[in-house]
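Enquirer: Here's a structure for you.
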């Protein structure tokens, strides 16, 4: 029964990883770039949410305007989408013009600057996003399996985000533009597409999902300025993408869930083995099936 | 570094003279614009002075220099890997940590830690073989981040062994008891490793392999298309960088006399290597040397204000990567035409006394 519980908890944890992964996957699919600051951006989103709650719940503001705490949290997503568009059009586009390797170096630099900056401005204390009693509320299935409402909610949000993204990419005008630029940038340019703007839209969506992931993580557990590196958030997002297979949003969900299940099974083996088993699963997939479990295409 | 001024007589491409019947313009090929004999003399003098330093200065200064040389070794290795072989890795801390822990394992079995340095370095290169097998198929971002995963796996595995101190770390046994002696030995070992690493890089870049690597630096696809054996060169450089970063790790554990997995396998190592190389100038031997000096001066003067120096370095590195990708050394050598390490070729008209104002400079990849 412990093992069944481990698998179910892993499935729920996988929702969080899939949420982390979909922004990374989208940016890699469209810009062919891995954003090494991805994990740290999620942490920044959690801090921004903290700040927004603090600002909107001071006495003066709440006397004029009553903002529910959930709205303060939700505001982070459009803010991050805007930041994503701006960062893509400036910093990332400038480095993309130099080449893929420069973009790697610049996003890595961004990651280090974010972590040290947060530490310098906000101290190394740990925080979490308050959600009242929801953090510990749960329901039981049978006698041994307990499912937390929060974990379930995160998984549901992940599925909704992936469904929404799938629908957006296949049905909307901007979605079609994104797919066109991802498939063949030059051909799209010949047809009159401003690929920089399309990159900006893709980055806005990616940053928005990163913000969601950061919010989910902040509610799920505590975070510090260096959580992005210490808790290997970037690596888990990347592993979910690779395990699932590039270019497939459902693969990303499957990859996140497999990673979550592997980690929970590792935690059953020994408390120190949780991360190791997940990483080894990733390396195994890399050796045996580098194109991922769901994809039939050649790996990049 | 001293044999640079030699001039090779060559009279044009042989095939051309054969078919057209008119002799092509005779050419001289040299390694540098001017004789660089003086650079070699200065280099030897610098090493001689540096080796005598423990007799002259306080142990605090030698300790600082030990950290300086460790950084220089790592940055030079990252530069060889990323600047020449086109392999951008954010996981070289895997080898730094492995080097440190191999010394610990050898020392806890009775080997003198200083004797363990070369042994652990070689073991790191050997450990690089299966890792290269794993990552050699991967390109750019995939390669970079998978190396980070591998560093993380190494850390997680090492932390499992309670005999190696587990996750909380352990002291390195077998070091000399006399602190003055320990610092002097550590300094000499570090200096020797750094000189050896720079010499190896210099020899590699002057060899035929160096020609392949320079071609890869400038245009990897182009190098492949003219038949350069790029993959073989990349594998060789990866193993050399594994050994070099491992050597830096062996010096790290000896200078700290203590090791803990989170510090030995910290991604901070990669951040330092990358910032130093980018700021100094990627794809040149001189770049990491200049970059390490800049890094060290900033660190020593600003460290009282917390990690601000690191934020500044990160921002500067990002700006340089985008707007001045050849770094500080690139700016200097463009202005003055100076190269301390002659690893390129210059073409001259054979007539004596003719000196082209600007020699043949290689185009750089952006």
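Residue numbers (my numbering), protein chains in the order written: chain Y, 9 to 308; chain E, 1067 to 1432.
Where a beta carbon is used, it is the ideal one built from N, C-alpha and C, also for glycine.
The model shown is predicted, which means the values in this text are computed figures rather than measured ones.
1. Just the chain E side, please: which residues come within less than 7 Å of residue 193 of chain Y by C-beta, in chain order?
2. Straight-line CA distance for residue 107 of chain Y to residue 113 of chain Y?
3. Cutting at 7 Å between CB atoms, please list the residues of its own chain near residue 1375 of chain E, excluding the five before and the five after it.
4. When DSSP builds the beta bridges, which residues end up paired with residue 146 of chain Y?
5. Which residues, in order along the segment 97-110 of chain Y, keep a beta-carbon less than 7 Å from a beta-carbon of chain E?
6. Where does residue 205 of chain Y sit, in a helix, a strand or coil, going by DSSP?
7. Which residues, taken in chain order from the segment 118-129 of chain Y, show a beta carbon closer than 8 Å to some beta carbon of chain E?
8. Go through its chain and collect everything with a Cβ distance to residue 1087 of chain E's Cβ below 6 Å, but skip five positions before and after it.
9. Find out if the Cβ-Cβ distance for the pair residue 1296 of chain E, residue 1282 of chain E is shorter than 8 Å.
10. What residues in the segment 1203-1214 of chain E bring their beta carbon closer than 9 Å to a beta carbon of chain Y?
11. Would you tell me roughly how many angstroms separate the C-alpha atoms of residue 173 of chain Y and residue 165 of chain Y, rounded to the nearest one?
12. For a minimum of 4 consecutive residues, which ranges assigned as the alpha helix (DSSP H) are wholly contained in the segment 77-137 of chain Y?
13. In its own chain, which residues sit with a C-beta less than 8 Å from the C-beta of residue 273 of chain Y, not counting the 5 before and 5 after it?
14. If you drop the 5 nearest sequence neighbours on each side, which residues of the same chain put their C-beta closer than 6 Å to that of residue 1336 of chain E?
15. Since residue 222 of chain Y and residue 62 of chain Y are thought to touch, with beta carbons under 8 Å apart, how far apart are those beta carbons, to the nearest angstrom?
16. Within 10 Å of its beta-carbon, does residue 133 of chain Y have 16 or more other beta-carbons around it, so buried, or fewer, so exposed?
17. Output needed in chain order: residues of the segment 1354-1380 of chain E with a Cβ under 8 Å from some Cβ in chain Y.
18. Quick one: residues in its chain with C-beta nearer than 8 Å to the C-beta of residue 1209 of chain E, no 5 flanking neighbours on either side, listed in chain order?
19. Does the beta carbon of residue 42 of chain Y come closer than 8 Å to any beta carbon on chain E?
20. Taking DSSP as the reference, what is the three-state secondary structure of residue 1087 of chain E?
21. Is residue 1250 of chain E helix, strand or coil by DSSP?
22. If contact means a Cβ-Cβ distance below 8 Å, which residues of the segment 1251-1278 of chain E contact chain Y?
23. To the nearest angstrom, how far is it from the Cα of residue 181 of chain Y to the Cα of residue 24 of chain Y?
24. How close, in whole Å, do the beta carbons of residue 1190 of chain E and residue 1231 of chain E come, if the pair is a contact with beta carbons under 8 Å?
25. Can you tell which of E/1178, E/1312, E/1330 has the C-alpha that lies nearest to the C-alpha of residue 1144 of chain E?
26. Expressed to the nearest angstrom, what Euclidean distance is found between the alpha-carbon atoms of residue 1234 of chain E and residue 1327 of chain E?
27. Thinking C-beta only, is residue 43 of chain Y closer than 8 Å to residue 32 of chain Y?
28. Which class does residue 1156 of chain E belong to by DSSP, given the choice of helix, strand or coil?
29. Would you please verify whether the beta carbon of residue 114 of chain Y is less than 8 Å from any beta carbon of chain E?
30. Return the Cβ separation of residue 309 of chain Y and residue 1215 of chain E in integer angstroms, given the expectation that the two are a contact with Cβ distance under 8 Å.
31. Find out if the Cβ-Cβ distance for the pair residue 237 of chain Y, residue 1105 of chain E is shorter than 8 Å.
32. For residue 276 of chain Y, go through chain E and note every residue whose CB falls closer than 7 Å to its CB, in chain order.
33. Rounding to the nearest angstrom, what Cα-Cα distance links residue 85 of chain Y and residue 48 of chain Y in this structure?
34. Given a cut-off of 8 Å, decide if residue 267 of chain Y and residue 251 of chain Y are closer than it, judged by their beta-carbon atoms.
35. Tell me, to the nearest whole angstrom, how far the beta carbon of residue 29 of chain Y is from that of residue 263 of chain Y; I am working on the premise that it is less than 8 Å.
36. Counting only the same chain and skipping the five closest in sequence on each side, list residues whose C-beta sits under 6 Å from that of residue 1249 of chain E.
Expert: Quick answer:
1. In the first chain, counting from the first residue as 1, residue 193 of chain Y sits at position 185. Neighbours of residue 193 of chain Y on chain E: none; closest Cβ ~17 Å, over 7 Å.
2. The count along the first chain starts at 1 and reaches residue 107 of chain Y at position 99. The count along the first chain starts at 1 and reaches residue 113 of chain Y at position 105. Roughly 10 Å separates the two Cα atoms.
3. Here residue 1375 of chain E refers to the residue found at position 309 of the second chain. For residue 1375 of chain E, where only same-chain residues beyond five positions count, the Cβ hits under 7 Å are 1364, 1365, 1368, 1369.
4. As a first step, residue 146 of chain Y must be located in the first chain, where it is residue number 138. Paired residue(s): Y/156.
5. 102, 103, 106, 107, 108, 109, 110
6. Position 197 of the first chain, counting from 1, holds the residue named residue 205 of chain Y. Residue 205 of chain Y: helix per DSSP, three-state reduction.
7. 118, 120, 121, 124, 125, 127, 128
8. The residue given as residue 1087 of chain E occupies position 21 in the second chain. In this predicted model, residue 1087 of chain E has a pLDDT of only 48, less than 50, meaning its place in the structure is not dependable enough to derive any value.
9. Walking along the second chain from the start, residue 1296 of chain E turns up at place 230. Walking along the second chain from the start, residue 1282 of chain E turns up at place 216. Contact flag set, yes.
10. 1203, 1204, 1205, 1206, 1207, 1208, 1210, 1211, 1212, 1214
11. Within the first chain, residue 173 of chain Y is the residue found at index 165, counting from 1. Within the first chain, residue 165 of chain Y is the residue found at index 157, counting from 1. Spanning the two alpha carbons is a distance of roughly 12 Å.
12. 77-95, 101-106, 108-130
13. As a working note, residue 273 of chain Y is residue 265 in the first chain. Correct list, in chain order: 11, 14, 15, 18, 285.
14. As a first step, residue 1336 of chain E must be located in the second chain, where it is residue number 270. These residues qualify, in order along the chain: 1156, 1158, 1159.
15. Here residue 222 of chain Y refers to the residue found at position 214 of the first chain. Here residue 62 of chain Y refers to the residue found at position 54 of the first chain. Actually they are not in contact, since the Cβ atoms of residue 222 of chain Y and residue 62 of chain Y sit about 16 Å apart, beyond 8 Å.
16. Here residue 133 of chain Y refers to the residue found at position 125 when the first chain is read from its first residue. Residue 133 of chain Y should be labelled exposed.
17. 1372, 1373, 1374, 1376, 1377, 1380
18. Along the second chain, one-based indexing puts residue 1209 of chain E at 143. So the list reads 1153, 1154, 1155, 1201, once near-sequence residues are dropped.
19. As a position in the first chain, residue 42 of chain Y is number 34, starting the count at 1. So, interface residue.
20. Reading the second chain from its first residue, position 21 is the one you call residue 1087 of chain E. Residue confidence for residue 1087 of chain E is low, a pLDDT of 48 falling below 50, so the modelled location carries little weight and cannot support an answer.
21. Against the second chain, residue 1250 of chain E aligns to sequence position 184. Residue 1250 of chain E falls in the helix class under three-state DSSP.
22. none
23. For the purposes of this step, residue 181 of chain Y is taken as residue 173 along the first chain, with counting starting at 1. For the purposes of this step, residue 24 of chain Y is taken as residue 16 along the first chain, with counting starting at 1. Approximately 29 Å between the Cα atoms of the pair.
24. One-based indexing of the second chain puts residue 1190 of chain E at position 124. One-based indexing of the second chain puts residue 1231 of chain E at position 165. Their Cβ separation, rounded to whole angstroms, is 19 Å, which puts residue 1190 of chain E and residue 1231 of chain E out of contact at 8 Å.
25. Within the second chain, residue 1144 of chain E is the residue found at index 78, counting from 1. It is E/1312 whose Cα lies nearest to the Cα of residue 1144 of chain E.
26. Counting from one through the second chain, the residue named residue 1234 of chain E turns up at place 168. Counting from one through the second chain, the residue named residue 1327 of chain E turns up at place 261. Straight-line Cα distance between these residues: approximately 8 Å.
27. Translated into the one-based positions of the first chain, residue 32 of chain Y becomes position 24. Translated into the one-based positions of the first chain, residue 43 of chain Y becomes position 35. A contact, by the Cβ cut-off of 8 Å.
28. Start at 1 with the first residue of the second chain, and residue 1156 of chain E comes out as number 90. Note: residue 1156 of chain E maps to coil in three-state DSSP.
29. What you label residue 114 of chain Y is simply residue 106 of the first chain in a count that begins at 1. Yes, residue 114 of chain Y counts as interfacial toward chain E.
30. The displayed coordinates of chain Y run from 9 to 308. Any statement about residue 309 of chain Y would go beyond what the structure contains.
31. Locating residue 237 of chain Y in the first chain gives position 229, counting from the first residue. Locating residue 1105 of chain E in the second chain gives position 39, counting from the first residue. Result no, Cβ atoms of residue 237 of chain Y and residue 1105 of chain E do not sit closer than 8 Å.
32. Working through the first chain from its first residue, we reach residue 276 of chain Y at position 268. Here the premise fails: no neighbours, minimum Cβ distance about 16 Å.
33. Counted from its first residue, the first chain places residue 85 of chain Y at position 77. Counted from its first residue, the first chain places residue 48 of chain Y at position 40. Cα to Cα, residue 85 of chain Y sits roughly 15 Å from residue 48 of chain Y.
34. Counted from its first residue, the first chain places residue 251 of chain Y at position 243. Counted from its first residue, the first chain places residue 267 of chain Y at position 259. A contact, by the Cβ cut-off of 8 Å.
35. Along the first chain, read from residue 1 onward, the residue named residue 29 of chain Y stands at position 21. Along the first chain, read from residue 1 onward, the residue named residue 263 of chain Y stands at position 255. Yes, they are in contact, since the Cβ atoms of residue 29 of chain Y and residue 263 of chain Y sit about 7 Å apart, within 8 Å.
36. The sequence position of residue 1249 of chain E within the second chain is 183, counting from 1. 1125, 1128, listed in sequence order.
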